[in-house]
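Chemist: From first to last, the protein sequence lines are chains H and U.
For the first sequence, the positions run 24 to 210 when the working numbering is used.
For the second sequence, the positions run 569 to 732 when the working numbering is used.
A virtual CB, placed ideally from N, CA and C, is assigned to each residue, including glycine.
Treat the numbers as computed from the prediction; the structure is a model and nothing was measured.
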Amino acid sequence: MLEFIKQPWAWYVAGALIGLTVPTLLILGNKTFGISSSLRHICAACFPSNISYFKYNWKKEAWNLFFVAGVLIGAMIASTFLKDPNAFVVAEKTKAVLQQNNVKDFSHIAPTDIFSWESILTLRGFIFIVLGGFLVGFGTRYAGGCTSGHSIMGLSNLQLPSLIATICFMTGGIFFTWFVLPLILNF
Amino acid sequence: MTNNNITKEVSDEFKSVAEINSTKEFSLVKNLKFLLVGIFFGIIFVKAEIISWFRIQEMFRFDSFHMYGVIGTAVVVGVISVFIIKRFKIKTISGDDIKIEPKTFNKGQIYGGLIFGFGWALTGACPGPLFAQIGSGLTVVIVTFLSAVFGTWMYGYLKDKLPH
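#1: Measuring only between beta-carbons, confirm whether residue 632 of chain U sits less than 8 Å from chain H.
#2: Between residue 47 of chain H and chain U, is any beta-carbon pair separated by less than 8 Å?
#3: Taking residue 180 of chain H as the reference, give the member of H:46, H:31, H:34 with the closest Cα.
#4: If we call anything under 8 Å between Cβ atoms a contact, is residue 641 of chain U one with residue 42 of chain H?
#5: How would you label residue 652 of chain U, buried or exposed, when you count the other beta carbons within 10 angstroms and need 16 or more for buried?
#6: By the 10 Å Cβ neighbour count, where 16 or more other Cβ atoms means buried, how is residue 75 of chain H classified, buried or exposed?
#7: Which value, in whole angstroms, describes the spacing of the CA atoms of residue 90 of chain H and residue 713 of chain U?
#8: Can you find a C-beta in chain H that's less than 8 Å from the C-beta of residue 605 of chain U?
#9: Could you give the residue range of the alpha helix (DSSP H) that holds residue 85 of chain H?
#10: For residue 610 of chain U versus residue 50 of chain H, is the C-beta spacing smaller than 8 Å?
#11: Pairs of beta-carbons, one from the segment 164–172 of chain H and one from the segment 693–704 of chain U, closer than 8 Å: are there three or more?
#12: Go ahead and label residue 615 of chain U buried or exposed: buried means 16 or more other beta carbons lie within 10 angstroms of its beta carbon, across all protein chains shown.
#13: According to DSSP, residue 136 of chain H sits in a beta bridge with which residue or residues?
#14: Less than 8 Å between the beta carbons of residue 159 of chain H and residue 700 of chain U, yes or no?
#15: For residue 654 of chain U, is the classification buried or exposed, using 16 other Cβ atoms within 10 angstroms of its Cβ as the cut-off for buried?
#16: Please confirm if the segment 62–71 of chain H is in contact with the segment 669–676 of chain U, defined as three or more CB-CB distances below 8 Å between the two stretches.
#17: Who are the Cβ neighbours of residue 34 of chain H in its own chain at under 6 Å, not counting the five residues just before and after it?
#18: Please list the partners that residue 609 of chain U has in chain H, where partner means a Cβ-to-Cβ separation under 8 Å.
#19: Based on the DSSP secondary-structure assignment, which residues constitute the bridge partners of residue 665 of chain U?
#20: For residue 245 of chain H, which residues in chain U fall below 9 Å Cβ to Cβ?
#21: Give me the subset of the segment 130–146 of chain H whose CB atoms are less than 7 Å from a CB atom of chain U, sorted by chain position.
#22: Measure from the C-beta of residue 643 of chain U to each C-beta in chain H and report whether the shortest distance is under 8 Å.
#23: Expressed to the nearest angstrom, what Euclidean distance is found between the alpha-carbon atoms of residue 631 of chain U and residue 176 of chain H?
#24: Distance, Cα to Cα, residue 676 of chain U vs residue 24 of chain H?
#25: Taking CB distances under 8 Å as the criterion, tell me whether residue 79 of chain H reaches chain U.
#26: Which residues in chain H sit within 8 Å of residue 655 of chain U, going by Cβ to Cβ distance?
#27: Report yes if the C-beta distance between residue 52 of chain H and residue 684 of chain U is below 8 Å; otherwise report no.
#28: In chain U, which residues lie with their C-beta within 9 Å of the C-beta of residue 127 of chain H?
#29: Leaving aside the five residues before and after residue 689 of chain U along the sequence, list all residues of the same chain whose C-beta is less than 7 Å from its C-beta, in chain order.
#30: Answer yes or no: does any C-beta atom of chain U fall closer than 8 Å to that of residue 192 of chain H?
#31: Taking all protein chains shown into account, do 16 or more other C-beta atoms lie within 10 angstroms of the C-beta of residue 732 of chain U, making it buried, or fewer, making it exposed?
#32: Using a 10 Å radius around the Cβ and a threshold of 16 neighbouring Cβ atoms, would you call residue 115 of chain H buried or exposed?
#33: Can you give me the C-alpha to C-alpha distance between residue 111 of chain H and residue 137 of chain H, rounded to a whole angstrom?
#34: Going by C-alpha distance, which of H:84, H:124, H:210 is nearest residue 595 of chain U?
#35: Quick one, which of H:57, H:40, H:29, H:27 has its alpha-carbon nearest residue 185 of chain H's?
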């Protein structure tokens, strides 16, 4: 059984379980699934700076902070006790393109030649780690949600704004991957 | 005079009730279930390799079906679940009606959506996987996370000046 769980999970298993989070949170307490809001609550709790967008009772949304703390703990548990003993597999075509663009490490969840403490001070590392994070935080709040709030929760409730947001997430990501990443990867 | 005192007492009482409620909002007991759902979710994120930068690259490069399958299945299961909840008027465990706020359209979903897309391609992570990447030991992502908090703050700071 444990051996079975340790294998990478199939898309339909993971997808179904993620989809079930939507009714679980609704039934547990009328909570709508959404993760990027946690970043707003953190700002409201720690640096409200008299900005009206951060003046609300964030304690009422505390559940969301417990939820993301859970995600962190769950990831710790899975990567400690349920680790897949086999090597991580990357699609051949993606691997070939990345290799051409100076990515060397394919054995971790992210290329450690980009995502490491040593590389933050290089231009390439700074763009991926620091600028990338900034765009994720800024963009998700500007869009009013992320993959969970719009693409899963919003689409589950058949919301047109969420479909538009999802199309833009994908368009932005595809454009950036094909036309901008090859330049940055070679910095 | 007496009347005023009574009103003051009543309002004080309300205040203390409100205070008790707000401390309760943060109690571990009340939020334990959400912590557990989060833990479960973090495990799925790791085991389905959604937290992998490479899986996101494969998705944007159309070299793997995995992420499309994950998100697609999640949406189908979500749509069916919400339909069942609405159709059978299922209530929460505390007996309340389930309400889902509709989303309203503004141009932020386009501009912000594209900006998030750029960030997603760079970091290989949406906000959920950021937490999971840190949990799975990629500690440098703490910097990415702090930067995302700063990006969120910057949005709040500039909100009124941005097109919506």
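Modeler: Here's the rundown:
#1: Here residue 632 of chain U refers to the residue found at position 64 when the second sequence is read from its first residue. It does; some Cβ of chain H falls within 8 Å.
#2: Here residue 47 of chain H refers to the residue found at position 24 when the first sequence is read from its first residue. Taking Cβ atoms only, chain U reaches closer than 8 Å to residue 47 of chain H, which makes this a yes.
#3: For the purposes of this step, residue 180 of chain H is taken as the residue at position 157 of the first sequence. Here the closest residue by C-alpha is H:46.
#4: For the purposes of this step, residue 641 of chain U is identified with residue 73 of the second sequence, where counting begins at 1. For the purposes of this step, residue 42 of chain H is identified with residue 19 of the first sequence, where counting begins at 1. Going by C-beta atoms, residue 641 of chain U is nearer than 8 Å to residue 42 of chain H.
#5: On the second sequence, residue 652 of chain U is found 84 positions in, with the first residue counted as 1. It is exposed - the Cβ of residue 652 of chain U has fewer than 16 other Cβ atoms within 10 Å.
#6: Residue mapping note: residue 75 of chain H aligns to position 52 of the first sequence, counting from 1. Result: exposed.
#7: By 1-based counting over the first sequence, the position of residue 90 of chain H is 67. By 1-based counting over the second sequence, the position of residue 713 of chain U is 145. Those two C-alpha atoms are separated by around 16 Å.
#8: Position 37 of the second sequence, counting from 1, holds the residue named residue 605 of chain U. Interface residue, yes.
#9: Position 62 of the first sequence, counting from 1, holds the residue named residue 85 of chain H. Counting along the chain, the alpha helix (DSSP H) containing residue 85 of chain H begins and ends at 85–104.
#10: Along the second sequence, one-based indexing puts residue 610 of chain U at 42. Along the first sequence, one-based indexing puts residue 50 of chain H at 27. Going by C-beta atoms, residue 610 of chain U is not nearer than 8 Å to residue 50 of chain H.
#11: yes
#12: As a first step, residue 615 of chain U must be located in the second sequence, where it is residue number 47. Residue 615 of chain U should be labelled buried.
#13: To locate residue 136 of chain H, count along the first sequence from 1; it is residue 113. In the DSSP output, where bridge partners are listed per residue, residue 136 of chain H has none listed.
#14: As a working mapping, residue 159 of chain H is identified with position 136 in the first sequence. As a working mapping, residue 700 of chain U is identified with position 132 in the second sequence. For residue 159 of chain H and residue 700 of chain U, no; Cβs fall outside 8 Å.
#15: Numbered from 1 along the second sequence, position 86 holds the residue referred to as residue 654 of chain U. Exposed is the call here.
#16: no
#17: Translated into the one-based positions of the first sequence, residue 34 of chain H becomes position 11. There are no such residues.
#18: Indexing the second sequence from 1 puts residue 609 of chain U at position 41. Neighbours of residue 609 of chain U on chain H, chain order: 41, 44, 90, 93, 94, 97.
#19: Mapped onto the second sequence, residue 665 of chain U falls at position 97. Answer is U:659, bridged to residue 665 of chain U.
#20: One cannot answer for residue 245 of chain H here, as it falls past the ends of chain H, which runs 24 to 210.
#21: 132, 133, 134, 138, 139, 140, 143
#22: Translated into positions along the second sequence, residue 643 of chain U becomes position 75. It does; some Cβ of chain H falls within 8 Å.
#23: One-based indexing of the second sequence puts residue 631 of chain U at position 63. One-based indexing of the first sequence puts residue 176 of chain H at position 153. Answer to the nearest angstrom: the Cα atoms are 26 Å apart.
#24: Sequence index remark: in the second sequence, residue 676 of chain U carries index 108 (1-based). Sequence index remark: in the first sequence, residue 24 of chain H carries index 1 (1-based). Each residue's Cα considered, the two are about 46 Å apart.
#25: Within the first sequence, residue 79 of chain H is the residue found at index 56, counting from 1. No - not a single Cβ of chain U is within 8 Å of the one on residue 79 of chain H.
#26: Sequence index remark: in the second sequence, residue 655 of chain U carries index 87 (1-based). Those do not exist, as residue 655 of chain U stays about 12 Å from chain H at its closest Cβ, beyond 8 Å.
#27: For the purposes of this step, residue 52 of chain H is taken as the residue at position 29 of the first sequence. For the purposes of this step, residue 684 of chain U is taken as the residue at position 116 of the second sequence. Taking 8 Å as the Cβ cut-off, residue 52 of chain H and residue 684 of chain U do not qualify as a contacting pair.
#28: Numbered from 1 along the first sequence, position 104 holds the residue referred to as residue 127 of chain H. The contacting residues do not exist; residue 127 of chain H stays about 13 Å from chain U at best.
#29: Here residue 689 of chain U refers to the residue found at position 121 when the second sequence is read from its first residue. Result list for residue 689 of chain U: 628, in chain order.
#30: As a working note, residue 192 of chain H is residue 169 in the first sequence. Output row for residue 192 of chain H: interface = yes.
#31: Within the second sequence, numbered from 1, the residue matching residue 732 of chain U stands at position 164. That one is exposed.
#32: Numbered from its first residue, the first sequence carries residue 115 of chain H at position 92. With fewer than 16 Cβ atoms within 10 Å of its Cβ, residue 115 of chain H is classed as exposed.
#33: Taking the first residue of the first sequence as position 1, residue 111 of chain H is located at position 88. Taking the first residue of the first sequence as position 1, residue 137 of chain H is located at position 114. If you take the alpha carbons of residue 111 of chain H and residue 137 of chain H, they lie about 17 Å apart.
#34: By 1-based counting over the second sequence, the position of residue 595 of chain U is 27. That would be H:84, whose Cα lies nearest to the Cα of residue 595 of chain U.
#35: Translated into the one-based positions of the first sequence, residue 185 of chain H becomes position 162. With distances taken between Cα atoms, residue 185 of chain H lies closest to H:57.
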